[in-house]
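Numbering (this note's numbering), first residue to last: 329 to 697.
Right, here's the structure in full:
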């Protein structure tokens, strides 16, 4: 027979007689069992030998009465039962002067699981998460430069990294990972970025983008000292935003009569020609794409394109061909290196043939006996 073992405990009250506390505890246990396992067999044993508390040990049958199947609550349901039991005690038995543990509000130092809260309640010692928070706060407050920040983290065997949109910290010594949001340190870390002048770029492209650089980009820039990618990311984001807005504007021929009249009135009365400008941009993109497709179709099938079709199409659509010079220079350097290697190999081959000719005497028909 399988059994569940659970404990229901009350901290002793200094104002309520012990017999009254026992009576209240028995009622609390009955109410708990009615919600936790209404159709199971339960055996309870009262322990009052401790000076700090009184508690019941409950042995609950795994199966419900006359049922061959085990009665099991999932983690979420079991946590809710415990919360309801504690709320019931706090609401209906205020004379017992119990302190909330499971339903205790967050202290602002981070999010803790029920196990961590109960561990802190029992040991009266700061948890590993509390210690990690204090270490990070000391580092954030004392850091003076990006290099100093990463050096302090490395000395404490900590590592910052990003995953998705979250900035996380890894405690290498304990092999544990935490989100800064969970530790309630996200705002403090953002203040560090601002203080170290690692805040997002304020260029016009960035303002048009309406978003901030990701922490991953900022950390990468801080470690490498290379900030050249900011304008590129902002320009790309601005282009995507503009393209997304342009796609919402329908062709003039596809509009209804009412929409056409409204647009013409907006243009000539309000001077707003934004839809016409958008259609011009859409037409330019379409023409660029058609030109690229025609060029690709005219090339021989065995001709190797210098770049993937996706990247080349992106060039024609965006109208940005700046990368071509870089690729051409790279291809030229590669070709020069290949020619140089061929020349060295040819020279080495000629040298080897000359040395072999010197080592072996010439054999002509006149010297034969």
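Every residue gets a Cβ at the ideal spot worked out from N, C-alpha and C, and that includes glycine.
Comparing C-alpha positions only, which one of 661, 386, 577 and 601 sits nearest to residue 332?
As a working mapping, residue 332 is identified with position 4 in the chain shown. Taking only the C-alpha atoms, the option nearest residue 332 is 386.
Put residue 476 into one of helix, strand or coil per three-state DSSP.
Indexing the chain shown from 1 puts residue 476 at position 148. If DSSP states are grouped into helix, strand and coil, residue 476 belongs with the helices.
Using a Cβ-Cβ cutoff of less than 6 Å, which residues in the same chain neighbour residue 506 once the five nearest sequence positions on both sides are dropped?
Residue numbering aside, residue 506 sits at position 178 when the chain shown is read from its first letter. The answer, listed in chain order, is 497.
Can you grab the Cα-Cα spacing for the pair residue 624 / residue 586, in whole Å?
In the chain shown, the residue the question calls residue 624 occupies position 296. In the chain shown, the residue the question calls residue 586 occupies position 258. Separation of residue 624 and residue 586 (C-alpha to C-alpha, rounded to the nearest whole angstrom) is 42 Å.
Burial state of residue 396 (16 or more Cβ within 10 Å)
Translated into positions along the chain shown, residue 396 becomes position 68. With fewer than 16 other CB atoms across the displayed protein chains lying within 10 angstroms of its CB, residue 396 is exposed.
Enumerate in chain order the residues of its own chain whose CB-to-CB distance from residue 411 is below 8 Å, with the five nearest sequence positions on each side excluded.
In the chain shown, the residue the question calls residue 411 occupies position 83. Excluding the 5 residues flanking it on each side, residue 411 has same chain C-beta neighbours closer than 8 Å at 430 and 431, in chain order.
Can you tell me whether residue 519 is buried or exposed? The criterion is at least 16 other CB atoms within 10 Å of its CB, across all chains shown.
What you label residue 519 is simply residue 191 of the chain shown in a count that begins at 1. By the neighbour-count criterion, in which 16 or more other beta carbons inside 10 Å mark a residue as buried, residue 519 falls on the exposed side.
Jot down the residue ranges of each uninterrupted beta strand (DSSP E) in the region 345 to 396, minimum 3 residues, whole runs only, in chain order.
Within the region 345 to 396, the beta strand (DSSP E) runs of at least 3 residues that lie entirely inside it are, in chain order, 368 to 375 and 381 to 392.
With a threshold of 8 Å on Cβ separation, who are the neighbours of residue 349 within its own chain once the five nearest residues in sequence on each side are excluded?
Taking the first residue of the chain shown as 1, we reach residue 349 at position 21. The residues are 338, 340, 341, 382 and 424.
Which residue from 478, 486 and 479 puts its Cα closest to that of residue 459?
Counting from one through the chain shown, the residue named residue 459 turns up at place 131. Of 478, 486 and 479, the residue nearest in Cα terms is 486.
Within 10 angstroms of the Cβ of residue 474, are there 16 or more other Cβ atoms? Answer buried if so, exposed if not.
Within the chain shown, residue 474 is the residue found at index 146, counting from 1. Result: buried.
With distance defined between alpha-carbon atoms, name the residue in 657, 609, 669 and 563 nearest to residue 576.
Position 248 of the chain shown, counted from the first residue, corresponds to residue 576. The shortest C-alpha to C-alpha distance from residue 576 to any of 657, 609, 669 and 563 is the one to 609.
Sequence-distant residues of its chain with Cβ nearer than 8 Å to residue 379 (five each side left out):
Residue mapping note: residue 379 aligns to position 51 of the chain shown, counting from 1. If we look at residue 379 and ignore the five residues flanking it on each side, its Cβ neighbours are 340.
Inter-residue spacing [alpha-carbon to alpha-carbon] between residue 613 and residue 511
Here the question's residue 613 lines up with position 285 in the chain shown. Here the question's residue 511 lines up with position 183 in the chain shown. When rounded, the distance between both Cα atoms is 47 Å.
How long is the line joining the alpha carbons of residue 678 and residue 491, rounded to whole angstroms?
Within the chain shown, the letter at position 350 stands for residue 678. Within the chain shown, the letter at position 163 stands for residue 491. The straight-line gap from Cα to Cα measures roughly 58 Å.
Apart from the five residues just before and just after residue 579, which ones in its own chain have a Cβ nearer than 6 Å to its Cβ?
Numbered from 1 along the chain shown, position 251 holds the residue referred to as residue 579. Contacts found: none.
Could you pull the DSSP bridge partners for residue 500 from this structure?
Here the question's residue 500 lines up with position 172 in the chain shown. Note: residue 500 sits in no beta bridge, so no partner.
Does residue 465 come out as helix, strand or coil in the three-state DSSP assignment?
Taking the first residue of the chain shown as 1, we reach residue 465 at position 137. Helix.
Anticipated Cβ contact below 8 Å, residue 461 with residue 477, distance rounded
To locate residue 461, count along the chain shown from 1; it is residue 133. To locate residue 477, count along the chain shown from 1; it is residue 149. The pair is not a contact, with the Cβ atoms about 17 Å apart (cut-off 8 Å).
Which of helix, strand or coil does DSSP assign to residue 629?
Translated into positions along the chain shown, residue 629 becomes position 301. Any reading at residue 629 needs caution, since the residue's pLDDT is 48, under 50, leaving its predicted position unreliable; the model's value is listed next. Coil.
Quick check: the Cα distance between residue 374 and residue 362, rounded to an integer number of angstroms?
Residue numbering aside, residue 374 sits at position 46 when the chain shown is read from its first letter. Residue numbering aside, residue 362 sits at position 34 when the chain shown is read from its first letter. Residue 374 and residue 362 have their alpha carbons spaced roughly 18 Å apart.
Can you tell me whether residue 384 is buried or exposed? The criterion is at least 16 other CB atoms within 10 Å of its CB, across all chains shown.
By 1-based counting over the chain shown, the position of residue 384 is 56. Residue 384 should be labelled buried.
So what's residue 577 in DSSP terms, helix, strand or just coil?
Along the chain shown, one-based indexing puts residue 577 at 249. Shown here, residue 577 sits in coil according to DSSP, grouped into three states, outside any helix or strand.
Thinking just about the alpha-carbon of each residue, which of 501, 463, 561 and 559 is nearest to the one in residue 513?
Taking the chain shown and counting its residues from 1, one reaches residue 513 at position 185. Checked all of 501, 463, 561 and 559; the closest Cα to residue 513 is 463.
Excluding sequence positions up to five away, which residues of its chain have a Cβ less than 8 Å from the Cβ of residue 335?
As a first step, residue 335 must be located in the chain shown, where it is residue number 7. Excluding sequence neighbours, residue 335 sits near 383, 384, 385 and 386.
Beta-carbon spacing of residue 413, residue 356 below 9 Å
Numbered from 1 along the chain shown, position 85 holds the residue referred to as residue 413. Numbered from 1 along the chain shown, position 28 holds the residue referred to as residue 356. The answer is yes: Cβ separation under 9 Å.
Contact defined as beta carbons within less than 8 Å: I believe residue 421 pairs with residue 352. What is the distance between those atoms, to the nearest angstrom?
Against the chain shown, residue 421 aligns to sequence position 93. Against the chain shown, residue 352 aligns to sequence position 24. Contact check for residue 421 and residue 352: beta-carbon distance about 5 Å, within the 8 Å limit, so the pair qualifies.
First through last residue of the alpha helix (DSSP H) which encompasses residue 585:
Residue mapping note: residue 585 aligns to position 257 of the chain shown, counting from 1. Its alpha helix (DSSP H) spans residues 585 to 598.
Under 7 Å Cβ to Cβ from residue 426, same chain only, skipping five residues before and after it: list those, please.
Position 98 of the chain shown, counting from 1, holds the residue named residue 426. So the list reads 338, 339, 417 and 418, once near-sequence residues are dropped.
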